[in-house]
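Undergrad:
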Amino acid sequence: MLLEHLRAKLSAIEAQSLTRFLRQAESPTAPRQQVRGADGVTRELLMFCSNDYLGLAAEPQITAALIEGAMIYGGGSGASPLISGHSRAHEQVAETLSAWMAPHIPEAKALGFCTGYMANLAVVTALGDEQTEIFSEAWNHASLIDGSRLARAQVTRYAHADVAQLRGLLAASQAKVKLIVTDAVFSMDGDLAPLPELLALADDFDAWLIVDDAHGFGVLGERGRGSLEHFKLRSERLILVGTLGKAAGLAGAFVVAHATITDYLLQAARNYIFSTASPPAIEHALLTSLALIESDLGAERRANLRRLQAQLRVGIAAMLARHPALGWRLAPSDTPVQPLIIGGNAEVMALAARLEREGLRVPGIRPPTVPAGEARLRITLCATHVEADVDRLLLALAAAAADMDVSTP
Ligand code: PMP
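With full-length UniProt numbering applied, the sequence shown has no gaps in its numbers, which climb one by one up to 409 at the end.
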């Protein structure tokens, strides 16, 4: 019965062109990667899909630090943090991140997690008790949505970037504790949340602002400290979640907030307390990664990313101007995440497959990850791409657009 039930669901997924499948990487994460496809054939692809924005995943200094960390600490952490899994390296990473965020959050204190998904679940479920109302931005990441579902709090959704609507909802709320929850960089769109306005609302209505900076950390701000540095924010009302598997090139995540908040998470966040701590070698290597993010190398890579972002946007805009009949749309991104909205599921998957045949991996993103009718190519840039890589993508997109545009003679 279960198997029939699931087969029917799988068929329904396939009928909507929504089936997902795994590929297999056979070399380090980098602009050029050896990838084994569903057909079992390994090809070199020019990748426009990873979140390794600074190109640190394959950085030799980080690989060396991982090996050094394994020599010091061995393999796994062996236990959850409060039992015996918390190493000196875990503590050093937390101290570094607390110091990084001290200009932005008074009495800043960090707590580490194995993944961003876990960090988001922890914050939202531990803080979202029965006396709390959560105000959740409509485009939030799945982990924040799942955290809100698990929390005991009342959950109210507000429309994307709709500060006026949120003001009305906060004004009407009777809850003892109010939590505004938002991505800083929207992961499927690349635009920024209006964090200064949201923080002003938090001040006006005695609310707290949980910011998921998964895609801003390492990328935004002069020293790569992320959205809080980018917007020059400072408040004890800020509760920051950052991830370390994207721009930091490794794995893990952190929460930085006023010490009372992180002290409480240590006592109450069930998925922190009851889950094995990350391998200490990763934490040891994260120290090198954090040093690189704020070094001249990090600054140069951020500058290169901004140049590539501009090149990509200008190129796509010119292509779209030649093919208005296609109805494709360039999303207004401020980051290395640049969506090209195509529309239909089958159409976007055909386009992604064509690009892949030409040696370019640009993933198609479909509902439910994005709204129906807004299936898109999600192009992500990495600081180790070069101008010629972006040119190659632009040429391939222009050729596809010319072929698909029935209005072209
Ligand atoms: N938040 C956002 C906005 C994300 O895009 C992601 C990862 N896709 C996460 C959280 C989860 O982070 P992690 O991959 O470390 O679990």
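Note that the Cβ used here is the ideal one computed from N, Cα and C, for glycine as well.
Just mark V241 as buried or exposed, buried being the case when its beta carbon has 16 or more other beta carbons within 10 Å.
TA: buried
Undergrad: Would you report the Cα separation of P324 and A352, rounded to the nearest angstrom?
TA: Going by the C-alpha atoms only, they are around 20 Å apart.
Undergrad: Count the other CB atoms within 10 Å of the CB of P336; is the residue buried (16 or more) or exposed (fewer)?
TA: P336 is buried by the Cβ-count criterion.
Undergrad: With DSSP as the reference, label H5 as helix, strand or coil.
TA: helix
Undergrad: Are the CB atoms of A184 and L201 nearer to each other than 8 Å?
TA: no
Undergrad: Leaving out five residues on either side along the sequence, give the residues of the same chain with a beta carbon under 6 Å from the beta carbon of G315.
TA: L394
Undergrad: Give me whichever residues DSSP pairs with P339 in a beta bridge.
TA: R378
Undergrad: As a quick exercise: from M1, S27, V163, H104, pick the residue whose alpha carbon is nearest that of K232.
TA: Of the candidates M1, S27, V163, H104, the one whose C-alpha sits nearest the C-alpha of K232 is H104.
Undergrad: Tell me which residue opens and which closes the alpha helix (DSSP H) that R307 is part of.
TA: 296–322
Undergrad: Report the option in K176, L286, E130 whose CA atom is closest to the CA atom of E95.
TA: L286
Undergrad: Tell me the start and end of each unbroken alpha helix (DSSP H) in the region 213–300 that is at least 4 residues and wholly inside, in chain order.
TA: 227–230, 259–268, 270–273, 280–294
Undergrad: By a C-beta neighbour count over all protein chains shown, 10 Å radius and 16 as the cutoff for buried, is P363 buried or exposed?
TA: By the neighbour-count rule (16 or more Cβ atoms within 10 Å), P363 is buried.
Undergrad: Quick one: using the 10 Å Cβ neighbour count with 16 as the cut-off for buried, is T384 buried or exposed?
TA: buried
Undergrad: Just to check, is the beta-carbon of A285 closer than 7 Å to a non-hydrogen atom of ligand 1?
TA: Outside the cutoff, so no.
Undergrad: Could you check the C-alpha separation between S333 and A321 for me, to the nearest Å?
TA: 18 Å
Undergrad: Can you check DSSP and say which residues form a bridge with E133?
TA: In the DSSP output, where bridge partners are listed per residue, E133 has Q154, K178.
Undergrad: If you check the beta carbons only, do residue 413 and N345 fall under 8 Å apart?
TA: The structure shown does not extend to residue 413, since the chain is modelled only from 1 to 409, so the question has no answer here.
Undergrad: Touching or not, the region 171–180 and the region 206–214, by the rule of three or more beta carbon pairs under 8 Å?
TA: yes
Undergrad: With hydrogens ignored, establish whether the beta-carbon of N120 is closer than 7 Å to any heavy atom of ligand 1.
TA: Relative to the non-hydrogen atoms of ligand 1, the Cβ of N120 comes within a distance shorter than 7 Å of at least one.
Undergrad: May I ask you to report which of helix, strand or coil DSSP gives M188?
TA: In the structure shown, M188 falls within a coil segment according to DSSP collapsed to helix, strand and coil.
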